[in-house]
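In this text, residue positions in the sequence shown follow this note's numbering: the first is 71, and each later residue adds one.
Ideal Cβ placement from N, Cα and C applies to all residues, glycine included.
A quick note: this is a predicted structure, and the numbers were derived from the prediction, not measured.
Here is the structure we will look at, set down as structure tokens.
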Amino acid sequence: MKESGQDGVCSFLVKFSKKLKACSLSGLVETKGETSPMKTTWYCPLDLSTVLEEEEDGVIYNVVVKQQHGAPTSATSSSRSQCVKAGTEEKLVQHLLYSFAMGDSSFITIFLSTYRSFTSTKRVLDILIDRLQHPPGESTKSQTRQPFNRAVCMVFSMWLSEYPEDFRSLGEPGLLLRLAPLLPSDPSGTEIRGRLLRLAEELSEQALLPDSSSDRTTPSPPADPTKFDPTNILGFPAGLIAEQLTKIETELFVRLVPYHCLGSLWSQRDKKGREDVCWSVRATVRQFNRLANAVMASCLWPTQLRSQQRACLLEKWISVAEECRARKNFSSLYAIVSALQSNPVHRLRRTWLETDREAVRRYEELSNIFSDKDNYSQSRELLKEEGTSKFANLDGKMTNRRQIGSSAQGTVPYLGIFLTDLTMLDTAVKDRLENGYVNFDKRRREFEVLAQIRLLQSSCKNCVFITDEAFLQWYQSVPSLNEEESYRLSNEIEVPCEPSSGRTLNPTVIITRCPNLNSSRTSLVADSDSHFDFHSPVCHFLSKFTKHMKSPSVSCLDVDSSHPTNDPIPSALTPSTPVKSHRRSVSCGNNPTNNNKGSGPEMRIVRIRMDLQDGNMYRSILVTSNDKTPTVISSALEKHSQDPKQAPRYELIQLLPEGKELVIPATGNVFYAMTSSSVDFLLCRQGGNTPFRSQPISTETSATFPRIKAKGRRLFF
Numbered sequence: 071m072k073e074s075g076q077d078g079v080c081s082f083l084v085k086f087s088k089k090l091k092a093c094s095l096s097g098l099v100e101t102k103g104e105t106s107p108m109k110t111t112w113y114c115p116l117d118l119s120t121v122l123e124e125e126e127d128g129v130i131y132n133v134v135v136k137q138q139h140g141a142p143t144s145a146t147s148s149s150r151s152q153c154v155k156a157g158t159e160e161k162l163v164q165h166l167l168y169s170f171a172m173g174d175s176s177f178i179t180i181f182l183s184t185y186r187s188f189t190s191t192k193r194v195l196d197i198l199i200d201r202l203q204h205p206p207g208e209s210t211k212s213q214t215r216q217p218f219n220r221a222v223c224m225v226f227s228m229w230l231s232e233y234p235e236d237f238r239s240l241g242e243p244g245l246l247l248r249l250a251p252l253l254p255s256d257p258s259g260t261e262i263r264g265r266l267l268r269l270a271e272e273l274s275e276q277a278l279l280p281d282s283s284s285d286r287t288t289p290s291p292p293a294d295p296t297k298f299d300p301t302n303i304l305g306f307p308a309g310l311i312a313e314q315l316t317k318i319e320t321e322l323f324v325r326l327v328p329y330h331c332l333g334s335l336w337s338q339r340d341k342k343g344r345e346d347v348c349w350s351v352r353a354t355v356r357q358f359n360r361l362a363n364a365v366m367a368s369c370l371w372p373t374q375l376r377s378q379q380r381a382c383l384l385e386k387w388i389s390v391a392e393e394c395r396a397r398k399n400f401s402s403l404y405a406i407v408s409a410l411q412s413n414p415v416h417r418l419r420r421t422w423l424e425t426d427r428e429a430v431r432r433y434e435e436l437s438n439i440f441s442d443k444d445n446y447s448q449s450r451e452l453l454k455e456e457g458t459s460k461f462a463n464l465d466g467k468m469t470n471r472r473q474i475g476s477s478a479q480g481t482v483p484y485l486g487i488f489l490t491d492l493t494m495l496d497t498a499v500k501d502r503l504e505n506g507y508v509n510f511d512k513r514r515r516e517f518e519v520l521a522q523i524r525l526l527q528s529s530c531k532n533c534v535f536i537t538d539e540a541f542l543q544w545y546q547s548v549p550s551l552n553e554e555e556s557y558r559l560s561n562e563i564e565v566p567c568e569p570s571s572g573r574t575l576n577p578t579v580i581i582t583r584c585p586n587l588n589s590s591r592t593s594l595v596a597d598s599d600s601h602f603d604f605h606s607p608v609c610h611f612l613s614k615f616t617k618h619m620k621s622p623s624v625s626c627l628d629v630d631s632s633h634p635t636n637d638p639i640p641s642a643l644t645p646s647t648p649v650k651s652h653r654r655s656v657s658c659g660n661n662p663t664n665n666n667k668g669s670g671p672e673m674r675i676v677r678i679r680m681d682l683q684d685g686n687m688y689r690s691i692l693v694t695s696n697d698k699t700p701t702v703i704s705s706a707l708e709k710h711s712q713d714p715k716q717a718p719r720y721e722l723i724q725l726l727p728e729g730k731e732l733v734i735p736a737t738g739n740v741f742y743a744m745t746s747s748s749v750d751f752l753l754c755r756q757g758g759n760t761p762f763r764s765q766p767i768s769t770e771t772s773a774t775f776p777r778i779k780a781k782g783r784r785l786f787f
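Structure below.
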């Protein structure tokens, strides 16, 4: 924008403030013409801001012009700040070298955290190398060259410190060898050049010895079910179990790469050739599923136990969940609660009736932490209060050091919260503007969520734990149970029967798992708002967006599945557990909550896939109550990088449980035509015979985090 335009805005603001002053003073004049005994001095400080947009050489800036007026005799002051809203890839990369001087101090941090959503490391380095080959100024000592060199050192120093894996992922040292000689010759540039050359040597060694690199996600060998003793868990104190689980979760959370949670990267994990995408998130999910499986196996495997003895196992895991809560380990806490809410465990009516009433009460309190009431307000409030505190706040009193040790505790969140927030953000906000510019405002919103993850990670980096080999040996011996095996064991414990006329145990949760590559796809649901007092645009945006959502879903993550098929079940286990005479008839889950009263939601996220040559890919699509079938098909084609104009040639099919299908009418309303039993859709050509119509949706392995539907009736795992 020209300077004359800015002067016009400033002139308008000055005139407006004077007029406002005159109107305010007129109200102070006495209507009867009498003079006031006191001399009144009017003073109204104004801080008027104007937000403008300016486009310059491939970049759109948000410009904030502030006019501050003090006393009438004081001079008018103005300030101007600008930040990037959108731009071409090339201009955004080049802006790294000028952002700090222009006052956009957060641009470098945001760019390095999110650039993988719209470009690659190789592309960024190519653009920077081209710019370094033509630096500003005639000599190294010119006034324009020196600040340029400082910016170059700042960018690469931050990049190497925060994301060294970006350079290791190049695969070959060519780019680094081209970059190193172009760096400034001052001490900072020399130090950065040395680090780049060392990375180039590592890449050269990996190219010569490809087998030398170890796989970070190598799964552990399958457990031997003959060595598994479920009741051994009773011999470990609950605090020790929680400590070891917190140790495992903390180590995984510290290793988590925050940008792996970005929705644009998370949606690529099913793409052929992208098996290593989001490896740090996959590791966290495997641990979540492994713990939930351990809880279920220990409660179901000893089928010959009496109800009173099995109730002791439930009480043990409830105590462990309490200890996890005290250690702010929300990931393990949710895994244990989810396993106890699973249908194979929940349906054991006689066992729950024998469980101590006080233990069930505590269990229900822990379950309420993850209630979907008011958009999961309780779990969010806990993260906001205890995210960076040293100790948990239980019943309004901070837990003392004697209970959980002398060292401060970090906070391990349930990662599904952040995954859902970022996936919803990726689905609801476009990656590019209509002119093709990269929407960098979207990256700023995503960074605010990633910053919360980094803040929690910082609280966990100094935690110290002691390994207990005995518990880890038991934990690693737990065999994996698939859905069929879990139900078989549960039915052996308590044979299914017709419901009685008295009080019944209506299941609040059903857990389903994907046993192999041909198993059904599941979904993940978590929270969708911020967890700290970050009064930022993304928090406000997500809170308003999710207020109208019903069971927003996110694609599941593939994890390992090695299930014993015909493994023998150990012989009867009869630990000497006394029967408690004070037990009463206590049940869990008799009153499932229903938070869906009223007219229902106005929008929902579904997952649509189509047959592509580069693999079967899911894309999350936002469907509102106003969307017709052609609109949804066009959006899905665009998400899959296909021509939206070909929408009339495609049909939309909802994939239902048990291999059933529902063809959405060509002119129907998708939101009202779809059923609530599934969020998975298939997009195929009309009259075509795609291979996916004859087989269930496949996953690499079993499913991921649980998905609790809005009514609290089902849980997918």
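Consult DSSP for Thr120 and reduce its assignment to one of helix, strand or coil.
Of the three classes helix, strand and coil, the one that applies to Thr120 here is strand, per DSSP.
For this session: Could you give the DSSP three-state label for Asn505: helix, strand or coil?
Result: Asn505 carries a coil assignment under DSSP once its states are collapsed to helix, strand and coil.
Where Ile536 falls, given that 16 or more other Cβ within 10 Å makes a residue buried: Taking a 10 Å sphere around the C-beta of Ile536, we find fewer than 16 other C-beta atoms and assign the residue as exposed.
Worksheet entry | Beta-carbon separation (whole angstroms), Leu166 vs Phe181, contact threshold 8 Å | Contact flag correct, Cβ pair sits at about 6 Å.
Practice task
Confirm, please, whether the CB-CB distance from Phe510 to Thr162 is below 8 Å.
Solution key: The amino acid at residue 162 is misidentified as Thr; the sequence shows Leu. For Leu162 and Phe510, yes; Cβs fall inside 8 Å.
Q: Over the uninterrupted beta strand (DSSP E) stretch that includes Ser533, give me the two end residues.
A: The sequence shown places Cys at residue 533, not Ser. Counted as a single uninterrupted DSSP element, the stretch harbouring Cys533 is not any beta strand (DSSP E), since DSSP gives it neither H nor E.
Inter-residue Cα distance where the pair is Glu42 and Asp299:
Because the chain spans 71 through 787 in this model, residue 42 falls outside it and cannot be assessed.
| request: Can you give me the start and stop residues for the alpha helix (DSSP H) that Phe323 sits inside? | output: Taken as a continuous stretch (DSSP letters only), the alpha helix (DSSP H) holding Phe323 covers Ala308 to Arg325.
Worksheet item: Count the other CB atoms within 10 Å of the CB of Asp491; is the residue buried (16 or more) or exposed (fewer)?
Response: Classified as buried, Asp491 has 16 or more neighbouring CB atoms from the shown chains inside 10 Å of its CB.
If you draw a straight line from the alpha carbon of Trp229 to that of Glu516, how long is it in whole angstroms?
Rounded to whole angstroms, Trp229 to Glu516 spans 19 Å at the Cα level.
Where Ser412 falls, given that 16 or more other Cβ within 10 Å makes a residue buried:
Around the C-beta of Ser412, 16 or more other C-beta atoms lie within 10 Å, and the residue is accordingly described as buried.
Quiz item: For Gln137, which of helix, strand or coil comes out of DSSP?
Solution: Collapsing the DSSP output to three states places Gln137 in a strand.
Opening and closing residue of the beta strand (DSSP E) in which Tyr720 lies: Tyr720 -> beta strand (DSSP E) spans Tyr720 to Leu725.
Just how far apart, CA to CA, sit Pro788 and Leu266?
The requested residue 788 does not occur in the structure, where the chain is confined to residues 71 to 787.
Nearest-angstrom beta carbon gap, Leu370 and Glu564 [assumed within contact, 8 Å]
About 11 Å separates the two Cβ atoms, so there is no contact after all.
Exercise for review: Please classify Pro251: is it buried, with 16 or more other beta-carbons within 10 angstroms of its beta-carbon, or exposed?
Suggested key: With a threshold of 16 other beta carbon atoms within 10 Å, Pro251 falls short and is exposed.
Spell out a yes or no on whether the region 151-159 and the region 495-511 are touching, meaning 3 or more CB-CB pairs, one atom from each, closer than 8 Å. These segments touch.
* Could you tell me if Val733 is buried or exposed, where buried requires 16 or more neighbouring beta carbons within 10 angstroms of its beta carbon? => Residue environment for Val733: exposed (fewer than 16 other C-beta atoms within 10 angstroms of its C-beta).
State yes or no: is the C-beta of Tyr329 within less than 8 Å of the C-beta of Ser560?
Not in contact: Tyr329 and Ser560 (Cβ atoms no closer than 8 Å).
Mind checking His416: buried by the 16 CB within 10 Å criterion, or exposed? Result: buried.
Practice prompt. Grab the span of the alpha helix (DSSP H) containing Asp174 for me, first residue to last.
Written response: Where Asp174 is concerned, there is no enclosing alpha helix (DSSP H), given that its DSSP letter is neither H nor E.
* Determine which residues share a DSSP beta bridge with Gly157 and list them. => Gly157 is bridged to Val129 and Val508.
**Asked** Taking the C-alpha atoms as reference points, what is the distance between Glu553 and Ser447?
**Response** Approximately 31 Å, taken between the alpha carbons.
Count the other CB atoms, across all protein chains shown, that sit within 10 Å of the CB of Gln137; report buried if there are 16 or more and exposed otherwise. With 16 or more Cβ atoms within 10 Å of its Cβ, Gln137 is classed as buried.
ask   = Which one of Glu504, Arg513, Val499 and Leu526 has the shortest CA to CA distance from Leu485?
value = Put simply, of Glu504, Arg513, Val499 and Leu526 the residue whose alpha carbon is nearest the alpha carbon of Leu485 is Leu526.
- Have a look at Leu245 and Lys192 and give me their C-alpha separation to the nearest angstrom. Between the alpha carbons of Leu245 and Lys192 lies a distance of about 8 Å.
TODO: With DSSP collapsed to three states, give me the class of Val733.
DONE: When DSSP states are grouped into helix, strand and coil, Val733 belongs to the strand group.
Whole-number beta carbon distance between Cys394 and Asp403, since they are thought to touch under 8 Å:
Per the sequence presented here, residue 403 reads as Leu, with Asp not at that position. Between Leu403 and Cys394 a beta carbon distance of about 4 Å is seen, short of the 8 Å cut, so the two are scored as contacting.
Problem - C-alpha gap between Val390 and Ile487, whole angstroms - result: Approximately 22 Å between the Cα atoms of the pair.
So, Pro414 versus Ser556, is the Cβ gap smaller than 8 Å? Result yes, Cβ atoms of Pro414 and Ser556 sit closer than 8 Å.
| At which residues does the beta strand (DSSP E) containing Phe751 begin and terminate? | That run of the beta strand (DSSP E) goes Asp750 to Arg755.
_Rounded distance between the beta-carbons of Ser151 and Val134, thought under 8 Å_ = About 5 Å separates the two Cβ atoms, so the contact holds.
- Enclosing beta strand (DSSP E) for Ile675 [first to last residue]: Element bounds for Ile675: Met673 to Met680.
Round the Cβ separation of Lys698 and Thr737 to the nearest angstrom and send it over; I've been treating them as touching at under 8 Å. Confirmed, about 6 Å.
Original post:
Comparing alpha-carbon positions, which option in Leu453, Glu518 and Ala353 lies nearest Arg397?
Top reply: Nearest of Leu453, Glu518 and Ala353 to Arg397, Cα basis: Leu453.
query: In the structure shown, what three-state DSSP assignment does Thr425 receive?
result: Thr425 falls in the coil class under three-state DSSP.
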